[in-house]
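Asker: Next up is a structure, given as structure tokens.
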Amino acid sequence: MTEKVIIIGSGPAGLTAAIYASRADLNPLMIEGFNRGGQLMITTDVENYPGFPDGIMGPDLMEQFRKQAERFGTRLITADVTAVDFAQRPFKVWVGQDEYEAGSVIISTGASARWLGIPGEEKLRGYGVSACATCDGFFFRDKEIAVVGGGDSAMEEALFLTKFASKVTIIHRRDEFRASKIMAQRALDHGKIEVMWDTVVEEVLGDQSVSGLKIRNKNTEDVEDIPVDGLFVAIGHDPNTGIFQGQVELDDEGYIIADGTRTSVEGVFAGGDVVDKVYRQAVTAAGMGCAAALDAERWLEEQEAT
Amino acid sequence: MGNNTVEATDQNFSEIVGSETPTLVDFWAEWCGPCKMMNEPLEQIATENSGKLTVAKLNVDDNQSTAMNYEVMSIPTLIIFQEGVEKKRLVGARSKAQLESELAEFV
């Protein structure tokens, strides 16, 4: 059986596409991925999603999206797509050995947290090195923690960690944050937060768990070891496009190149953080997912007409 | 809590993991998104390996001393015990297939 539309990925973009495609009677199949719900699943309070004046928890918001998609008949597969073939129509999508065919595809696989790629980091992941303050902050009660990064997510992580930690040091490679003013100011004003400017982390120290960091000041070139019990990495994201290499055009950073929601392959659409490196908000992703579904619907109608 | 998993607590922990039957303990919390993804696969694994493997869930909010004893620093953390001894530790969410291959040596 050939599906009308397969949606790959289940963050705000994918689930909004699913809601619109379902309501347009396209009976979409969503392959939501093992990490379903996307990045909002590892956040706490979402304060800037319109319609929730008191804020909402990220996982709760995604549960609502999912329920709404299911209400209109979206079928969900909780597994990762392992390969795709967009060279001919119908398009083919594989989940392990299972093959699916589709007249159109919407890609909304989002992005994942980037790591520093320094010695000690991978070995100590889960043993003091983390990219998810909301998952792991709890275990650092009365401990000293470092957060690397200078954007909104670094500020959020640092502020969240002050609930548990005795001290949070933000280590940033520049002399100012690129975070929004409101978030940067909240962090700078916080009594438990200190900032080390113009500083990079060169190595994570520790045997069984994190005991400290080797850091270097970029101005003075001084290298020193500082004791910390935890390192939270919040230095940005990379698009999840590994399986699309050679299938649709990607830019140098791996983002899908799209004209609106149209990728380089006719009939394959994309929306959300897998395309967008500028806004990267839940609400913009949702908007792009809606546009992708409307574009897919229109395109399928044109195909039938010819 | 699923039908085929047992609830581990600070009080009953040593009794639960002391068994000869291998016991998989899932350290989780309500506020942990990735932990929720583990519910379904763990429930299935508990059902499919009934009698060969006990699957227990420990809420780290309510049972902090056990979580601290085992130096859990990230959740979900899954620890496999046999006769009270830690045999294997998995940190971070896993799919059902990944879990099955990690558990193969115990069931």
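Line by line, the protein sequences are chains A and B.
Its first residue numbered 149, the first sequence is counted upward by one per residue in this note's numbering.
Its first residue numbered 4, the second sequence is counted upward by one per residue in this note's numbering.
Where a beta carbon is used, it is the ideal one built from N, C-alpha and C, also for glycine.
All of these numbers come straight from a predicted model, not from anything done at the bench.
Rank A:Val358, A:Ala250, A:Val349, A:Asp208 by C-alpha distance to the C-alpha of Glu33 of chain B and give the top, closest one.
Answerer: The residue with the shortest Cα to Cα distance from Glu33 of chain B is A:Asp208.
Asker: If Ser256 of chain A sits next to Ala453 of chain A, beta carbons under 8 Å apart, how far is it from one beta carbon to the other, in whole angstroms?
Answerer: Going by Cβ atoms, the distance from Ser256 of chain A to Ala453 of chain A rounds to 27 Å, so no, they are not a contact pair.
Asker: If we ignore side chains and look at the alpha-carbon of each, how far apart do Val94 of chain B and Met71 of chain B end up?
Answerer: Spanning the two alpha carbons is a distance of roughly 15 Å.
Asker: Can you check which of these residues, A:Thr409, A:Phe312, A:Thr347, A:Glu305, is closest to His320 of chain A by C-alpha distance?
Answerer: The candidate whose alpha carbon is nearest that of His320 of chain A is A:Thr347.
Asker: When we look at the beta-carbon of Arg446 of chain A and count the other beta-carbons within 10 Å, is it buried (16 or more) or exposed?
Answerer: By the 10 Å Cβ count, Arg446 of chain A comes out exposed.
Asker: Taking the straight line between their C-alpha atoms, what separation do you get for Asn66 of chain B and Thr12 of chain B?
Answerer: Their Cα atoms are separated by approximately 6 Å.
Asker: Indicate whether Ala327 of chain A and Met344 of chain A have their beta-carbon atoms separated by less than 7 Å.
Answerer: No, the Cβ-Cβ distance between Ala327 of chain A and Met344 of chain A is not below 7 Å.
Asker: Let me know the secondary structure DSSP gives Trp31 of chain B once reduced to three states.
Answerer: Reduced to three states, the DSSP call for Trp31 of chain B is strand.
Asker: Taking all protein chains shown into account, do 16 or more other C-beta atoms lie within 10 angstroms of the C-beta of Met436 of chain A, making it buried, or fewer, making it exposed?
Answerer: With 16 or more Cβ atoms within 10 Å of its Cβ, Met436 of chain A is classed as buried.
Asker: Taking the C-alpha atoms as reference points, what is the distance between Met4 of chain B and Cys35 of chain B?
Answerer: Confidence in Met4 of chain B is poor, its pLDDT being 49 and thus under 50, which makes the residue's placement too unreliable to answer from.
Asker: Could you name the residues of the same chain whose beta carbon sits closer than 6 Å to that of Ala166 of chain A, not counting the 5 residues immediately before and after it, in chain order?
Answerer: Excluding sequence neighbours, Ala166 of chain A sits near Ile155, Pro176, Met178, Ala217, Thr222.
Asker: Helix, strand or coil: which one does DSSP assign to Val381 of chain A?
Answerer: DSSP places Val381 of chain A in strand when its eight states are reduced to three.
Asker: Skipping 5 residues on each side, what residues in its chain have a beta carbon closer than 8 Å to that of Gly87 of chain B?
Answerer: Same-chain partners within the cutoff: Ser17, Val20, Gly21.
Asker: Using a Cβ-Cβ cut-off of 6 Å (strictly less than) and excluding sequence neighbours within five positions of Lys311 of chain A, which residues of its own chain qualify?
Answerer: Answer for Lys311 of chain A: no residue qualifies.
Asker: Counting Cβ pairs, one atom from each stretch, are 3 or more of them under 8 Å apart for the region 273 to 283 of chain A and the region 73 to 90 of chain B?
Answerer: They touch, by the three-pair rule.
Asker: Quick one: is Ile78 of chain B near chain A, going by C-beta distance under 7 Å?
Answerer: Yes, Ile78 of chain B counts as interfacial toward chain A.
Asker: Within the same chain, show all residues whose beta-carbon is closer than 7 Å to that of Ile383 of chain A, passing over the 5 residues directly before and after it, in chain order.
Answerer: Counting only Cβ-Cβ distances below 7 Å, and skipping sequence neighbours, we find Arg262, Leu264, Val296, Gly297.
Asker: Given Leu128 of chain B, which residues of its chain have a CB within under 7 Å of its CB, disregarding the five upstream and five downstream residues?
Answerer: The structure shown has nothing for residue 128 of chain B, since chain B only spans 4 to 110.
Asker: Quick one: is Thr389 of chain A buried, meaning 16 or more other Cβ sit within 10 Å of its Cβ, or exposed?
Answerer: Thr389 of chain A comes out buried.
Asker: Who does Thr454 of chain A pair with in a DSSP beta bridge?
Answerer: Answer is none; Thr454 of chain A lacks a bridge partner.
Asker: What does DSSP give as the partner residues of Thr1 of chain B in its beta bridges?
Answerer: In the structure displayed, chain B extends from 4 to 110; residue 1 of chain B sits before or after that span and is not available.
Asker: What does the alpha-carbon distance come out to for the pair Leu336 of chain A and Glu342 of chain A?
Answerer: Computed Cα separation, rounded: 8 Å.
Asker: Quick one: what does DSSP say Ile154 of chain A is sitting in, helix, strand or coil?
Answerer: Ile154 of chain A: strand per DSSP, three-state reduction.
Asker: Grab the span of the beta strand (DSSP E) containing Ser260 of chain A for me, first residue to last.
Answerer: Per DSSP, Ser260 of chain A belongs to the beta strand (DSSP E) from 259 to 261.
Asker: Assign Arg289 of chain A to one of two classes, buried (16 or more other C-beta atoms within 10 Å of its C-beta) or exposed (fewer than that).
Answerer: Exposed, because fewer than 16 other Cβ atoms sit within 10 Å of the Cβ of Arg289 of chain A.
Asker: Is Val94 of chain B close to chain A, meaning its C-beta is less than 7 Å from at least one C-beta of that chain?
Answerer: Yes, contact with chain A.
Asker: I'd like to know whether the C-beta atoms of Asn52 of chain B and Val110 of chain B end up nearer to each other than 7 Å.
Answerer: For Asn52 of chain B and Val110 of chain B, yes; Cβs fall inside 7 Å.
Asker: Is the beta carbon of Gln395 of chain A closer than 7 Å to that of Val232 of chain A?
Answerer: Yes.
Asker: Check whether the Cβ atoms of Val316 of chain A and Lys291 of chain A sit closer than 7 Å, and answer yes or no.
Answerer: No, Cβ-Cβ distance for Val316 of chain A and Lys291 of chain A is not below 7 Å.
Asker: Quick one, which residues of the region 278 to 308 of chain A are near chain B if we go by CB-CB under 9 Å, in chain order?
Answerer: Cβ contacts with chain B come from Ser278, Cys280, Thr282, Cys283, Asp284, Phe286, Phe287, Phe288, Arg289.
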